[in-house]
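Each remark here refers to the structure printed beneath this line.
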Amino acid sequence: MSKVSHPYLPLTDKMRKEMLKELGLSDISELYRDIPKEFLLKKELDLPSMKSEIEVFKKIRELAAKNKSVFDMPTFLGAGVWPHYVPAVLIELIQRGEFLTAYTPYQPEISQGMLQALFEYQSLMAELLGMDIVNASMYDWASALGEAALMAARIKRKNKILVPEIISPERYKTLIAYTEPLAVKVETIRHTETGEIDLDDLNTKIDEDTAGVYVEVPSYFGILDSQLPDISDIVHKKDAIFIVGVDPTSLGIIKSPGDYGADIAIGEGQPLGNLVGFGGPLLGIFATRDDRDFIKQMPGRIIGLTTTEDESEYGFVMALQTREQHIRRERATSNICSNEALCAVAAAIYTSLLGPTGFKQLGENILYNTYYAIKKLSTIDGLKVPLFNAAHFKEFLVNFDNVSVNSKTVHKELLKRNIHGGHIISDEYPKLGDNMLLCVTEIHSKEDIDKLVSALSDIIRGN
Numbered sequence: 336m337s338k339v340s341h342p343y344l345p346l347t348d349k350m351r352k353e354m355l356k357e358l359g360l361s362d363i364s365e366l367y368r369d370i371p372k373e374f375l376l377k378k379e380l381d382l383p384s385m386k387s388e389i390e391v392f393k394k395i396r397e398l399a400a401k402n403k404s405v406f407d408m409p410t411f412l413g414a415g416v417w418p419h420y421v422p423a424v425l426i427e428l429i430q431r432g433e434f435l436t437a438y439t440p441y442q443p444e445i446s447q448g449m450l451q452a453l454f455e456y457q458s459l460m461a462e463l464l465g466m467d468i469v470n471a472s473m474y475d476w477a478s479a480l481g482e483a484a485l486m487a488a489r490i491k492r493k494n495k496i497l498v499p500e501i502i503s504p505e506r507y508k509t510l511i512a513y514t515e516p517l518a519v520k521v522e523t524i525r526h527t528e529t530g531e532i533d534l535d536d537l538n539t540k541i542d543e544d545t546a547g548v549y550v551e552v553p554s555y556f557g558i559l560d561s562q563l564p565d566i567s568d569i570v571h572k573k574d575a576i577f578i579v580g581v582d583p584t585s586l587g588i589i590k591s592p593g594d595y596g597a598d599i600a601i602g603e604g605q606p607l608g609n610l611v612g613f614g615g616p617l618l619g620i621f622a623t624r625d626d627r628d629f630i631k632q633m634p635g636r637i638i639g640l641t642t643t644e645d646e647s648e649y650g651f652v653m654a655l656q657t658r659e660q661h662i663r664r665e666r667a668t669s670n671i672c673s674n675e676a677l678c679a680v681a682a683a684i685y686t687s688l689l690g691p692t693g694f695k696q697l698g699e700n701i702l703y704n705t706y707y708a709i710k711k712l713s714t715i716d717g718l719k720v721p722l723f724n725a726a727h728f729k730e731f732l733v734n735f736d737n738v739s740v741n742s743k744t745v746h747k748e749l750l751k752r753n754i755h756g757g758h759i760i761s762d763e764y765p766k767l768g769d770n771m772l773l774c775v776t777e778i779h780s781k782e783d784i785d786k787l788v789s790a791l792s793d794i795i796r797g798n
């Protein structure tokens, strides 16, 4: 019997020889002849011996036990991926074989279930955002921003996009990666001392070359800007496109983007029923208004509803496919493919489970926890909480400039006390001083927040 090289892969010496013969090669090294010899490994890899299945299982369990979940320790880290509760029924539903697939539903005759689920996602997001048309998902918030900027540039045939100075660095880098190769310029708008958009700076920078203006609600620092109708008026008077990025969990208690004139609304759908899994997977939400030019330039899949000829039955199909790369690769609006369909289904299930009342309660709980945390942290001498005097939702900055320890030391000390602190932004925004961005959601109890406050107080006092 030929020796098997690996207990889980049926690869014998005989099989190797047959494959090499089929390829017209005599030795496996010929597969690597295009690689310079100095980069080729000259010795065998120092790998451990083969293990049995039970040994591998035990090893993986041992490694997995080192990980901590958001329920193993109070976690106050957000900044783009936030800890939220995912209902058990949701996890059970999205694990069903009908949904758990990466396959794009090109064949509607065998994909009605998945197509309907995505159609429901679009409908629910449209209602939540106050917009007319929603696509079936983007990769994440960052890719949705990049696509929104390019969409605005195509529609207006202009080459400038304005974005806030306060924005996630990762989101900004992704935006530049999308726009720079196509000669679309990105400029930033200054913020005021309250962290809101500086309207004077916006009026100065917006001009006839501006295709779109982007703002976030809440901002990267959790600030709820109070000037959105004014910003919308300024943008539209210059014939530019108003793009708004949102956290959907806030929309049960604040106005939807459509209510103050957004032309394109984007956001991150991870809080809607998607687990925090080492930073992903994420879900880019993308919506626009019912305008022919906007819909033609919209990226991503769009699921449509039709009927049989006698109108006795409904059917779901992928609509307007000539916009997409699998039909018109060179002229497609985007190269987005199967992407985040399963995460979109999760968001649809989550939104359906909560309903309007549940969404309102979710937003109220997060807002209450935000201000409870701010109030308690403000009692610690030397801390400035929040850094900006504005309305906040879910996240806020804690400034350590006037205490004896810096944010990085605080973070390490919190971990020793089985608490995961926030995101340190001192390197991202050095002009603002030494700051940590803290996140609180509905999963944080009063006891969790009190534990954080007590630990921070002890660390600052040197205990």
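For what it's worth, the working numbering labels the leading residue of the sequence shown as 336, then goes sequentially.
Backbone N, C-alpha and C fix where the C-beta goes; we use that ideal spot for every residue, glycine too.
Worksheet item: In terms of residue numbering, what span does the alpha helix (DSSP H) encompassing E777 cover?
Response: Where E777 is concerned, there is no enclosing alpha helix (DSSP H), given that its DSSP letter is neither H nor E.
Fill in: Cβ-based neighbour list, L450, same chain, cut-off 8 Å, excluding 5 preceding and 5 following
P440, P443, I638, F651, V652, M653
Discussion item. Assess contact between the stretch 582 to 594 and the stretch 533 to 540, defined as three or more Cβ pairs (one per stretch) separated by less than 8 Å. Is contact present?
Written reply: no
Item to complete: Mark N670 as exposed unless 16 or more other C-beta atoms lie within 10 angstroms of its C-beta, in which case mark it buried.
Response: exposed
Item to complete: Take every Cβ of the stretch 448 to 462, pair it with every Cβ of the stretch 482 to 495, and state whether three or more of those distances are shorter than 8 Å.
Response: no
Worksheet item: From L640 to G448, what does the alpha carbon distance come to, in whole angstroms?
Response: 13 Å
Worksheet item: How many angstroms separate the CA atom of G604 from the CA atom of Y456?
Response: 11 Å
Worksheet item: If you count every other CB in all the chains shown that lies within 10 Å of the CB of E482, and 16 or more means buried, which is it?
Response: buried
Discussion item. Helix, strand or coil for R796? Go by DSSP, reduced to three states.
Written reply: helix
Practice prompt. Classify Y707 as helix, strand or coil using the three-state DSSP reduction.
Written response: helix
Practice prompt. Measure the CB-CB distance between M757 and L767 and report whether it falls below 8 Å.
Written response: Reading the sequence as shown, one finds Gly at residue 757 and not Met. Result no, Cβ atoms of G757 and L767 do not sit closer than 8 Å.
Practice prompt. Check I524 in the structure and name its three-state DSSP category.
Written response: strand
Discussion item. So, for S478: in the same chain, excluding its five sequence neighbours on each side, which residues have a beta-carbon less than 6 Å away from its beta-carbon?
Written reply: G619
Item to complete: Output the distance between the C-alpha atoms of P564 and L497, rounded to the nearest integer angstrom.
Response: 17 Å
Worksheet item: With a CB to CB cut of under 8 Å and the five nearest residues on each side skipped, what residues in its chain are close to Y549?
Response: L480, A483, A484, I496, L497, V498, P499, I578, V579, G580
Practice prompt. Assuming G596 and S561 form a contact by the criterion Cβ under 8 Å, report the distance between their Cβ atoms to the nearest whole angstrom.
Written response: Not a contact, Cβ separation roughly 15 Å.
Item to complete: For N470, name the three-state secondary structure that DSSP assigns.
Response: coil
Discussion item. Below 8 Å on the Cβ atoms is my contact criterion, and I expect S472 with A790 to pass it. Report the Cβ-Cβ distance as a whole number of Å.
Written reply: Contact flag wrong, Cβ pair sits at about 39 Å.
Discussion item. Taking its Cβ as the centre, do 16 or more other Cβ atoms sit within 10 Å of D598, making it buried, or is it exposed?
Written reply: buried
Fill in: Given A681 as reference, the closest of G593, F629, A423, I760 once Cα atoms are compared
A423
Discussion item. Helix, strand or coil for E353? Go by DSSP, reduced to three states.
Written reply: helix
Worksheet item: Name the DSSP beta bridge partners of E644, please?
Response: Partner(s): none; E644 has no beta bridge.
Item to complete: With a threshold of 16 other CB atoms inside 10 Å of the CB of R351, please say whether the residue is buried or exposed.
Response: exposed
Fill in: N734 - containing beta strand (DSSP E), residue span
730 to 734
Discussion item. Which of the three DSSP states is assigned to I599 in this structure?
Written reply: strand
Item to complete: Determine, using beta carbons only, whether I795 and I709 come nearer to each other than 8 Å.
Response: no
Worksheet item: How about L712 and V733: are their beta carbons less than 8 Å apart?
Response: yes
Worksheet item: Hey, would you say the C-beta of R351 is under 7 Å away from at least one heavy atom of the ligand MN?
Response: Looking for the ligand MN in the displayed structure turns up nothing, as the structure carries no ligands at all.
Discussion item. Within 10 Å of its beta-carbon, does M354 have 16 or more other beta-carbons around it, so buried, or fewer, so exposed?
Written reply: exposed
Discussion item. Residues in the same chain with beta-carbon distance under 6 Å from T514, minus the five sequence neighbours each way, listed in chain order, please.
Written reply: A484, V521
Fill in: Cutoff 8 Å: K711 Cβ touching any chain C Cβ
Here chain C cannot be found, since the structure has a single protein chain.
Fill in: Alpha-carbon spacing of V740 relative to G717, whole angstroms
11 Å
Practice prompt. Just the C-alpha distance for Y685 and K781, rounded to the nearest angstrom, thanks.
Written response: 24 Å
Practice prompt. Tell me whether F317 sits in a helix, a strand or coil according to DSSP, three-state version.
Written response: Any answer about residue 317 is impossible in this case: the structure gives the chain only from 336 up to 798.
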